[in-house]
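Okay, so here's the structure we're looking at.
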Amino acid sequence: MPELVLGPLLRHVDAAAATVWVETSEPCTVRVRAGDACSEERTFTVHGHHYALIDVGVESPVAYEVELDDRRVWPADGLPPSVIRPLTRLDRLIFGSCRTSVPHEEPYVRTHGPDVLRAYGLRLMESPDERPDLILLLGDQVYADELTPDMKQFIAGRRDDGPEEVVDFEEYAELYRQAWSDPPVRWLLATVPSLMIFDDHDVRDDWNTSKAWREQMAEVPWWERRIVSALGSYYVYQHLGNLPPADRAADPVLAALRAGDGDEALDAFARRADREPDSVRWSYHRDLDGTRLIVLDSRSARVLEPGRRRMLDPGEWDWFDKHATGDFEHLLVGSSLPILLPAGIHHVESWNEAVCDGIWGRRAARLGERIRQFLDLEHWGAFRRSFEDLARVVLEVASGRRGRPPATVLLLSGDVHYSYMASVRRRGGGRVHQIVCSPIRNPLSRTLRFANIVASFGLAGVLGGVLARAGGLPRPPLRWRISKGPWFPNMMTAIDLAPGEAAVTWFTDTGDQDAVRIRPEPPAAPR
Numbered sequence: 001m002p003e004l005v006l007g008p009l010l011r012h013v014d015a016a017a018a019t020v021w022v023e024t025s026e027p028c029t030v031r032v033r034a035g036d037a038c039s040e041e042r043t044f045t046v047h048g049h050h051y052a053l054i055d056v057g058v059e060s061p062v063a064y065e066v067e068l069d070d071r072r073v074w075p076a077d078g079l080p081p082s083v084i085r086p087l088t089r090l091d092r093l094i095f096g097s098c099r100t101s102v103p104h105e106e107p108y109v110r111t112h113g114p115d116v117l118r119a120y121g122l123r124l125m126e127s128p129d130e131r132p133d134l135i136l137l138l139g140d141q142v143y144a145d146e147l148t149p150d151m152k153q154f155i156a157g158r159r160d161d162g163p164e165e166v167v168d169f170e171e172y173a174e175l176y177r178q179a180w181s182d183p184p185v186r187w188l189l190a191t192v193p194s195l196m197i198f199d200d201h202d203v204r205d206d207w208n209t210s211k212a213w214r215e216q217m218a219e220v221p222w223w224e225r226r227i228v229s230a231l232g233s234y235y236v237y238q239h240l241g242n243l244p245p246a247d248r249a250a251d252p253v254l255a256a257l258r259a260g261d262g263d264e265a266l267d268a269f270a271r272r273a274d275r276e277p278d279s280v281r282w283s284y285h286r287d288l289d290g291t292r293l294i295v296l297d298s299r300s301a302r303v304l305e306p307g308r309r310r311m312l313d314p315g316e317w318d319w320f321d322k323h324a325t326g327d328f329e330h331l332l333v334g335s336s337l338p339i340l341l342p343a344g345i346h347h348v349e350s351w352n353e354a355v356c357d358g359i360w361g362r363r364a365a366r367l368g369e370r371i372r373q374f375l376d377l378e379h380w381g382a383f384r385r386s387f388e389d390l391a392r393v394v395l396e397v398a399s400g401r402r403g404r405p406p407a408t409v410l411l412l413s414g415d416v417h418y419s420y421m422a423s424v425r426r427r428g429g430g431r432v433h434q435i436v437c438s439p440i441r442n443p444l445s446r447t448l449r450f451a452n453i454v455a456s457f458g459l460a461g462v463l464g465g466v467l468a469r470a471g472g473l474p475r476p477p478l479r480w481r482i483s484k485g486p487w488f489p490n491m492m493t494a495i496d497l498a499p500g501e502a503a504v505t506w507f508t509d510t511g512d513q514d515a516v517r518i519r520p521e522p523p524a525a526p527r
C-alpha cells in the first residue's frame with residue numbers, strides 16, 4: 001500500500017491552476033481533488049524514489065485532498081485542511097534563507113534557536129487570515145555538509161566509508177525528508193505556494209567560489225557522485241515546482257523521467273549542468289498583476305576564469321537584462337547572495353578579486369585565493385563586473401530609462417546569517433533597497449556575531465576604501481548605506497506591496513523585530 005513519504009507541497013499557482021508535488025513510498029496513481037476539479041498522474045521513479053506533480057484547476061479558494069490509489073492521505077490527521085487560493089497578484093510575500101533541520105527540543109533549541117518556519121506554520125494554523133500569497137526560500141533549504149544527528153545516523157546505517165556528508169541521491173532524499181516532514185512545516189508548505197533557489201549548502205559550502213575551488217574538489221574521490229546527486233535532487237525536489245505547467249510540459253528531462261528513464265536521464269542532465277552551466281537556466285521569473293519577481297541563480301551560473309569572472313554567464317545575464325524592466329508597480333529581484341553588502345566588505349571583496357586576478361603578481365594571487373576561500377569572499381562584490389552591470393540596470397529601471405519606474409525595486413537575499421536593509425543613496429531616489437533575511441534557523445554563535453560586527457561594520461569600513469584605491473578599482477556606480485539592522489536572531493521577512501509603496505517587516509518566532517514603510521521620494525524640484 002503506497003504511503004505519502006513527503007508533501008504535498010503546493011508549488012506553482014496562478015489564476016487557473018495549482019501544482020501539487022508529492023513523494024510516495026511505491027509507484028502509484030496520485031489524485032488531487034479540489035472541489036469539483038480532479039486531476040491525477042502516475043508517479044515517475046528516480047533512484048528508487050517515486051514522485052508526481054499534479055496540476056489541478058482552481059477558480060476560487062478551495063480545500064484540496066490527495067489520494068494514492070484511491071486512498072485519501074491528505075489532509076493528515078490533526079492538521080487543518082490545506083486551501084488553494086488562485087494567485088493573480090502579489091500582496092504579501094514571506095521570504096528567508098538558511099534553515100537547518102536539527103530537532104525542535106533541547107539541547108538543539110539552545111544551540112540552534114527556534115525554527116521560524118515551523119513557528120510561522122503554527123501561527124498560520126491559528127490565524128489563517130494572515131496567510132501570505134507566496135513563500136520564497138532563498139537558499140540553503142538543506143545542509144548537505146553540516147549534518148544533523150539523525151542524518152549522521154542514517155548515513156552510518158548504510159555505509160562506513162566516505163565523508164560524514166551527503167554523497168548520493170538516496171542520502172539527499174533522506175535529507176529533504178527530514179527537512180520538510182515536521183507537521184507544521186509540512187502543513188505550511190502544503191498550504192502556501194512556494195518558490196525556491198539553491199545556495200552553497202544545498203550542494204557544499206563555498207560551492208563555485210572560484211576556479212581553484214572547483215579544481216580542488218575535482219580531486220576528491222566522491223565529489224563527482226556528490227555534485228550529480230546534488231543537482232539531480234535539486235531538480236526533482238525544488239526546481240520542477242518553480243516551473244509553470246507549460247514549461248514543465250516542454251521539459252525533455254521530465255518527459256524522460258515519466259517515460260521510465262529516470263536514473264540515467266537525470267544523472268546525465270545533472271552532470272551536464274555542472275560541467276556546462278550555460279546548458280541549463282535555473283533562474284526564473286513570475287509576473288503577478290503589477291509585480292515582477294525575478295529569482296537569480298547566483299551559484300551555478302558563474303564564470304570563474306580569473307580576469308573574466310562573472311556571477312552570471314552571458315546567457316543568464318542576457319535573460320536577466322531582458323526581464324529587468326519598468327512598467328511594473330514593484331520589481332523584486334531575488335538572489336541567495338546579497339547584492340549590497342556593508343560597503344566596507346564589498347570593497348574588500350572587490351580588492352581581493354583584483355589580487356586573485358594578479359594585479360600584485362602571482363605570489364599575491366595565490367595568497368589572495370587562500371583568503372578568498374577562508375573568508376568566503378564570493379559575493380557580488382567579488383564578481384565586480386557583474387555587480388557593476390547589475391547596479392547600472394537597477395538604476396536604469398529606477399530612473400525610468402527602462403519603462404515607467406516602479407514604486408520600489410527590492411533586492412531580496414539571505415546567506416550571511418544576519419538580517420538588514422541597505423538603501424541606495426541617489427537624488428530623488430528611495431526606490432532601491434536591499435532586504436536581507438538570514439537565517440531561518442542556523443544562528444551564528446555570540447563569538448561569530450561579534451566578529452561579523454567588527455569585520456563588516458567596523459574594520460572593513462575603514463580598510464575597504466583604502467584597499468579599493470590601492471588596487472586601482474573604480475568607484476561603484478551607486479552608493480548605499482545600511483538603513484536597518486543588522487539583526488542576528490533566526491527570523492523571516494514579510495514584504496507587503498501596495499500601490500506606490502511597500503512595507504517590510506522582519507519577524508522572529510515571538511513577534512516582529514522591526515518594520516519599515518518604503519515610499520519613493522518625489523523628484524527634487526528644479527532650481
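So the sequence shown is numbered by UniProt numbering: it starts at 1 and just counts up by one.
Where a beta carbon is used, it is the ideal one built from N, C-alpha and C, also for glycine.
Note that this is a predicted model, so its numbers are computed, not measured.
Asked	Found
Expected contact under 8 Å - CB spacing of glycine 334 and isoleucine 197 to nearest Å	7 Å
Cut-off 6 Å between Cβ atoms - residues of its own chain near arginine 31, not counting five sequence neighbours on either side	Glu40, Glu67
Residue environment, alanine 259, which counts as buried when at least 16 other CB atoms sit within 10 Å	exposed
Buried versus exposed call for aspartate 36 [16 or more other C-beta atoms within 10 Å across all chains shown]	exposed
Separation of isoleucine 495 from alanine 324, as counted between CA atoms	19 Å
Neighbourhood of glycine 400 by C-beta distance below 6 Å, restricted to the same chain and skipping five residues each side	none
Beta-carbon proximity check, histidine 330 vs arginine 292, cutoff 9 Å	yes
Inter-residue Cα distance where the pair is glycine 139 and cysteine 98	6 Å
Pairwise C-alpha distance: isoleucine 435 and alanine 525	Confidence at alanine 525 is low in this model, with a pLDDT of 45, below 50, so the placement of that residue is unreliable and no value is reported for it.
Proline 520 - DSSP class collapsed to helix/strand/coil	coil
Strand pairing of tyrosine 420, partner residues [DSSP]	Val436
Threonine 408, DSSP secondary structure in three states	strand
Spatial distance of aspartate 313 from aspartate 205 (CA atoms)	21 Å
Three-state secondary structure (DSSP) of histidine 346	helix
Own chain residues within Cβ distance below 6 Å of valine 166, not counting five before or after	Ala144, Tyr172, Leu175
Same chain, Cβ closer than 7 Å to tryptophan 213, neighbours up to 5 away in sequence not counted	Asp206, Gln373
Run of the beta strand (DSSP E) containing tyrosine 51, from where it starts to where it stops	49-57
Span separating the alpha-carbon of glycine 428 from that of proline 520	Here the model assigns glycine 428 a pLDDT of 48, short of 50, so the residue's position is not dependable, and the following value carries that caveat. The straight-line gap from Cα to Cα measures roughly 8 Å.
Proximity below 9 Å, CB of arginine 402 to CB of valine 393	yes
DSSP-derived helix/strand/coil call for alanine 515	strand
Start-to-end residues for the alpha helix (DSSP H) that takes in aspartate 287	Taken as a continuous stretch (DSSP letters only), aspartate 287 belongs to no alpha helix (DSSP H), being part of the beta strand (DSSP E) at 284-288.
Identity of the residues DSSP links to serine 386 by a beta bridge	According to DSSP, serine 386 bridges with nothing at all.
Tyrosine 64, DSSP secondary structure in three states	strand
Three-state class that DSSP yields for glycine 428 in the structure shown	Unreliable positioning characterises glycine 428 in this predicted model, as indicated by a pLDDT of 48, which lies under 50. The coordinate reading is nonetheless provided below. Correct three-state label for glycine 428: coil.
Separation of valine 409 from arginine 481, as counted between CA atoms	16 Å
Which of helix, strand or coil DSSP assigns to isoleucine 155	helix
DSSP three-state assignment for glycine 232, whether helix, strand or coil	helix
Selection from Gly121, Ser60, Thr100 that minimises the alpha carbon distance to threonine 111	Thr100
For arginine 481, three-class secondary structure by DSSP	strand
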